[in-house]
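So the number in this note's numbering is just where the residue sits in the sequence shown, counting from 1, plus 205. Idealized CB from N, CA, C, for every residue including glycine.
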Amino acid sequence: CLVVAPLSSTHALRLEKTHVPVSPAQAQLLAMLVQILGADRCIEVGVYTGYSSLAVALALPESGRLVACERDERSLEVAKRYYQLAGVAHKVDVKHTLAVDSLRSLLECGEASSYDFAFVDADKRMYEEYFELLLKLVRVGGLIVMDNVLWYGRVADPLVNDPNTISIRDFNKKLLEDKRVTISMVALSLICLSISYLFTY
Ligand SMILES: C[S@@+](CC[C@H](N)C(=O)[O-])C[C@H]1O[C@@H](n2cnc3c(N)ncnc32)[C@H](O)[C@@H]1O
Numbered sequence: 206c207l208v209v210a211p212l213s214s215t216h217a218l219r220l221e222k223t224h225v226p227v228s229p230a231q232a233q234l235l236a237m238l239v240q241i242l243g244a245d246r247c248i249e250v251g252v253y254t255g256y257s258s259l260a261v262a263l264a265l266p267e268s269g270r271l272v273a274c275e276r277d278e279r280s281l282e283v284a285k286r287y288y289q290l291a292g293v294a295h296k297v298d299v300k301h302t303l304a305v306d307s308l309r310s311l312l313e314c315g316e317a318s319s320y321d322f323a324f325v326d327a328d329k330r331m332y333e334e335y336f337e338l339l340l341k342l343v344r345v346g347g348l349i350v351m352d353n354v355l356w357y358g359r360v361a362d363p364l365v366n367d368p369n370t371i372s373i374r375d376f377n378k379k380l381l382e383d384k385r386v387t388i389s390m391v392a393l394s395l396i397c398l399s400i401s402y403l404f405t406y
């Protein structure tokens, strides 16, 4: 289990708690998936203060690289201090902009099919777009992990129809039909997608 000590007062930043980090069990699972896969190149969409990205970076080999996409500068300040404290800053390539722009720019730089693992934990209404971009960036046999696909059970409640819930529900439905990936939905609320179909662009 990854335990992250609080930053000392010199490192601390006053941040409103606007988002929720993954649980320790999720962080441990992410780290284990990265290790099992022998991943060297990873992407995270939605870093916040760095808990899940730290778990992934710690599991990477010294040569490994994690592209960490986050739009909020203050959250990133905290994340970067944890990377420094944990001695993994050299493995993390922080992209401070909208994640969709970072992913598109990786593709424009010729990095298609060059990543082993991706983890998405950001704006739910963009899940489909993130998935399509990551499908291009992650190699066949690689793994894409999407957080919150059960959305605290709301996706199964027909009475809940807010935009985030509808978006995740639609995303889940489409994945069921998607022959490009094999899926495994786990009650930790993650969906693991292994790219199983070699497709052309
Ligand atoms: C639930 S938090 C991520 C928690 C993180 N995985 C952890 O374990 O600490 C979601 C994060 O996604 C970021 N985010 C939301 N929309 C984004 C976007 N369009 N581009 C980049 N980051 C975004 C938010 O600023 C927030 O920090």
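Going by the DSSP bridge assignment, what does residue i pair with across the sheet?
| i | result |
| --- | --- |
| A392 | Paired residue(s): none; A392 is not in a bridge. |
| L398 | I349, I388 |
| R246 | R270 |
| L299 | The identity of residue 299 in the sequence shown is Val, whereas the question assumes Leu. Paired residues: A273. |
Beta-carbon within less than 6 angstroms of residue i's beta-carbon, same chain only, minus the 5 sequence neighbours each way: which residues are those?
| i | result |
| --- | --- |
| L338 | L308 |
| C274 | V250, K300, A304, S307 |
| H216 | In this prediction, H216 has a pLDDT of 48, which is less than 50 and means its spatial position is unreliable; what the coordinates show is noted afterwards. Counting only Cβ-Cβ distances below 6 angstroms, and skipping sequence neighbours, we find R286. |
| R276 | L303 |
| T254 | S280, V283, A284 |
| V252 | S258, A273, E275, A284 |
| V239 | V261, A264, F322 |
| D326 | G251, D352 |
| I349 | A323, L339, V343, L398 |
Classify residue i as buried or exposed, calling it buried when 16 or more other Cβ atoms lie within 10 Å of its own Cβ.
| i | result |
| --- | --- |
| D362 | exposed |
| G347 | buried |
| R246 | buried |
| G243 | exposed |
| A236 | buried |
| Q408 | Residue 408 lies beyond the residue range present for the chain, which begins at 206 and ends at 406; the question has no answer from this structure. |
| K329 | buried |
| N366 | exposed |
| I248 | buried |
| K296 | buried |
| I241 | exposed |
| Y320 | buried |
| S401 | exposed |
| Y357 | exposed |
| V391 | exposed |
| V360 | buried |
| V345 | exposed |
| L311 | buried |
Can you list, in chain order, the residues of its chain whose CB lies under 7 angstroms from that of residue i, leaving out five sequence neighbours each side?
| i | result |
| --- | --- |
| M331 | V305 |
| Y256 | V209, P226, V227, A232 |
| E334 | V305 |
I'd like the list of long-range same chain contacts for residue i, defined as Cβ closer than 8 angstroms, with 5 residues on each side in sequence excluded.
| i | result |
| --- | --- |
| D298 | R270, L271, V272, A273 |
| L393 | S228, A230, Q231, L234 |
| E316 | L342 |
Which residue spans inside the region 314 to 391 form an unbroken alpha helix (DSSP H) run of at least 4?
-> 332 to 342, 368 to 382
Which residues are close to ligand 1, meaning CB closer than 5 angstroms to any heavy atom, in chain order?
-> H224, P226, V227, G251, Y253, Y256, S257, E275, R276, D277, S280, L303, A304, D326, A327, D328
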